[in-house]
Amino acid sequence: MRNQLIELREERDLGQKLNATFTFLRQNFKPLAKCVLLYVVPFALLAGIFSGIYQSTQLAELGRNVRYGSLGAYTFANTVNSVPYWVSLFFSLVSFVLLCLAIYSYMLEYLRHEGEVEPLAVWEGIKHNFVSVLYSAVGVGVLCGLATLLLVLPGIYVMVALSMFAIVMLTEEIGFIDAVERCFYLVKGHWWPAFGFLFLVFLLQGVIGFVASLPAIVVYVLRILELPGGESDLLLIAASSFTTIISLILYVIAITAVGFLYFDLVERKDGVGLLEQVNKIGAQVPAFQAHQHP
Numbered sequence: 148m149r150n151q152l153i154e155l156r157e158e159r160d161l162g163q164k165l166n167a168t169f170t171f172l173r174q175n176f177k178p179l180a181k182c183v184l185l186y187v188v189p190f191a192l193l194a195g196i197f198s199g200i201y202q203s204t205q206l207a208e209l210g211r212n213v214r215y216g217s218l219g220a221y222t223f224a225n226t227v228n229s230v231p232y233w234v235s236l237f238f239s240l241v242s243f244v245l246l247c248l249a250i251y252s253y254m255l256e257y258l259r260h261e262g263e264v265e266p267l268a269v270w271e272g273i274k275h276n277f278v279s280v281l282y283s284a285v286g287v288g289v290l291c292g293l294a295t296l297l298l299v300l301p302g303i304y305v306m307v308a309l310s311m312f313a314i315v316m317l318t319e320e321i322g323f324i325d326a327v328e329r330c331f332y333l334v335k336g337h338w339w340p341a342f343g344f345l346f347l348v349f350l351l352q353g354v355i356g357f358v359a360s361l362p363a364i365v366v367y368v369l370r371i372l373e374l375p376g377g378e379s380d381l382l383l384i385a386a387s388s389f390t391t392i393i394s395l396i397l398y399v400i401a402i403t404a405v406g407f408l409y410f411d412l413v414e415r416k417d418g419v420g421l422l423e424q425v426n427k428i429g430a431q432v433p434a435f436q437a438h439q440h441p
């Protein structure tokens with residue numbers, strides 16, 4: 148039995164958006180999981196491995212003499228000079244961008260073909276947009292960082308607005324600057340509901356992520372307390388890799404939620420879905436009349 152088609156272009160309140168997010172993920176779990184497994188997990192695995200190597204090195208260095216004035220200064224210097232840290236950061240960014248592209252390409256194919264999605268079509272969407280969205284993700288990170296450095300509240304405002312940049316770029320086929328302007332236009336007058344929705348989504352995702360991180364936490368504790376099993380670098384790297392991969396994949400929830408937030412705001416601002424329905428009705432009437440009067 149085929150699942151009921153979820154209308155993406157629709158105004159929804161907070162509870163409805165949350166329900167639509169999890170319903171969409173549940174109904175499309177298998178094909179979405181296939182896309183994530185093929186296009187995202189290999190890079191997430193690399194991010195996890197290098198993250199594990201970095202953390203293993205950090206914990207090993209803590210047992211040696213610290214040459215800096217404080218533990219914080221030592222950790223900062225060690226992080227900046229760590230090649231595995233920067234490699235892990237790069238692959239984490241690539242994984243996150245690929246995850247955004249996989250989900251949003253899937254949602255757009257779902258929208259265009261009434262729920263019928265081919266993995267190859269998703270791959271084409273990823274290939275076509277990867278470079279532009281990767282550069283834009285760096286730009287968004289810089290903008291959010293600068294806004295946060297100036298004042299915390301403007302930083303939060305900017306982060307909520309620009310959370311939609313990727314789906315705006317894909318859906319409306321525009322560049323980075325236009326996408327930034329569009330994000331602020333959409334969120335204007337609706338920032339608080341958007342913030343409340345995203346806060347709830349990230350809270351739920353954080354709780355699930357904490358449970359997923361427990362294996363790595365256990366290994367860290369064993370290492371710090373010098374208990375049996377904690378001395379194994381391989382175990383630490385494996386646990387850290389698992390946590391990194393799961394944490395990245397869990398962003399499927401937030402990314403999908405942002406997609407529904409975007410479509411909700413577009414309906415409130417522009418009524419695109421309503422216009423499409425009116426046009427469909429308008430097209431059906433002449434066809435019906437022609438059928439009645441051959």
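Each residue of the sequence shown is one higher than the one before, starting from 148 at the first, in the working numbering.
Glycine included, each C-beta is placed from N, C-alpha and C at the ideal position.
* Tell me which same chain residues have a C-beta within less than 6 Å of the C-beta of V234, skipping the five on either side of it? -> Taking the sequence shown and counting its residues from 1, the one referred to as residue 234 is at position 87. Excluding sequence neighbours, V234 sits near F197.
* Would you tell me roughly how many angstroms separate the C-alpha atoms of S279 and L374, rounded to the nearest one? => As a working mapping, residue 279 is identified with position 132 in the sequence shown. As a working mapping, residue 374 is identified with position 227 in the sequence shown. Rounded to the nearest angstrom, the two C-alpha atoms are 48 Å apart.
* Asked: Under a three-way DSSP split, which group does K177 fall into?
  -> If you number the sequence shown from 1, residue 177 lands on position 30. In the structure shown, K177 sits in a helix (DSSP, three-state: H, G or I).
* Helix or strand or just coil, what does DSSP make of Y215? -> Numbered from its first residue, the sequence shown carries residue 215 at position 68. Any reading at Y215 must be qualified, since the residue scores a pLDDT of 49, below 50, and its modelled position is unreliable; no value is offered.
* Give the range of the alpha helix (DSSP H) segment to which S379 is assigned. => To locate residue 379, count along the sequence shown from 1; it is residue 232. Looking at the DSSP string, S379 is not in any alpha helix (DSSP H), and its letter there is neither H nor E.
* To do: State whether the region 240 to 255 contacts the region 165 to 183, with contact taken as three or more CB pairs (one from each stretch) at a distance under 8 Å.
  => yes
* Asked: E256 by DSSP, collapsed to three states: which one?
  -> Translated into positions along the sequence shown, residue 256 becomes position 109. Correct three-state label for E256: helix.
* Asked: How close, in whole Å, do the beta carbons of M311 and Y409 come, if the pair is a contact with beta carbons under 8 Å?
  -> Residue numbering aside, residue 311 sits at position 164 when the sequence shown is read from its first letter. Residue numbering aside, residue 409 sits at position 262 when the sequence shown is read from its first letter. About 5 Å; that satisfies the 8 Å criterion.
* Are there three or more Cβ pairs, one per stretch, closer than 8 Å when the region 347 to 361 is compared with the region 282 to 292? -> no
* To do: Give the secondary structure of G406 by DSSP, where H, G and I count as helix, E and B as strand, and everything else as coil.
  => Working through the sequence shown from its first residue, we reach residue 406 at position 259. In this structure, G406 counts as helix in the three-state DSSP scheme.
* Asked: Quick one, which of A313, R370, V366 has its alpha-carbon nearest S387's?
  -> In the sequence shown, the residue the question calls residue 387 occupies position 240. Checking every option, the nearest Cα to that of S387 belongs to V366.
* Asked: What did DSSP end up calling L187 once you bin it into helix, strand or coil?
  -> The residue labelled residue 187 in the question sits at position 40 within the sequence shown. Here the sequence assigns Val to residue 187, which means Leu is not the residue at that position. The three-state secondary structure of V187, taken from DSSP, is coil.
* Sorted by chain position, which residues of the same chain lie with C-beta nearer than 6 Å to V244's C-beta, five sequence neighbours on each side aside? -> The residue labelled residue 244 in the question sits at position 97 within the sequence shown. Answer for V244: V280, L281, A284, listed in chain order.
* To do: Following the continuous alpha helix (DSSP H) through I324, name the residue where it begins and the one where it ends.
  => Taking the first residue of the sequence shown as 1, we reach residue 324 at position 177. Counting along the chain, the alpha helix (DSSP H) containing I324 begins and ends at 323 to 334.
* If you draw a straight line from the alpha carbon of V405 to that of M254, how long is it in whole angstroms? -> Taking the first residue of the sequence shown as position 1, residue 405 is located at position 258. Taking the first residue of the sequence shown as position 1, residue 254 is located at position 107. Going by the C-alpha atoms only, they are around 12 Å apart.
* Asked: How is the alpha helix (DSSP H) around E319 delimited, first residue to last?
  -> The residue given as residue 319 occupies position 172 in the sequence shown. Counting along the chain, the alpha helix (DSSP H) containing E319 begins and ends at 312 to 319.
* Asked: Going by beta carbon distance, what residues of the same chain come within less than 7 Å of H337, once the five residues before and after it are set aside?
  -> Translated into positions along the sequence shown, residue 337 becomes position 190. Hits under 7 Å: L412, R415.
* Asked: Shortest alpha-carbon distance to L317 belongs to which of V354, I273, E265, D417?
  -> Mapped onto the sequence shown, residue 317 falls at position 170. It is I273 whose Cα lies nearest to the Cα of L317.
* **Residue from G292, L246, L296 whose Cα sits closest to the Cα of W270** => Along the sequence shown, one-based indexing puts residue 270 at 123. Comparing Cα positions, the closest option is L246.
* Report back the beta-carbon spacing between L383 and S239 to the nearest angstrom; my notes put them in contact at under 8 Å. => Locating residue 383 in the sequence shown gives position 236, counting from the first residue. Locating residue 239 in the sequence shown gives position 92, counting from the first residue. With 8 Å as the limit, L383 and S239 do not qualify as a contact, their Cβ atoms being about 18 Å apart.
* Helix, strand or coil: which one does DSSP assign to A220? -> Reading the sequence shown from its first residue, position 73 is the one you call residue 220. For A220, the pLDDT reaches just 49, beneath the cut-off of 50, and the residue's location in the model is therefore unreliable, leaving the point undetermined.
* To do: Please classify E154: does DSSP put it in a helix, a strand, or coil?
  => As a position in the sequence shown, residue 154 is number 7, starting the count at 1. Here E154 sits in coil by DSSP.
* Could you give the DSSP three-state label for A167: helix, strand or coil? => As a first step, residue 167 must be located in the sequence shown, where it is residue number 20. A167: helix per DSSP, three-state reduction.
* How long is the line joining the alpha carbons of H275 and E320, rounded to whole angstroms? -> Taking the first residue of the sequence shown as position 1, residue 275 is located at position 128. Taking the first residue of the sequence shown as position 1, residue 320 is located at position 173. Cα to Cα, H275 sits roughly 11 Å from E320.
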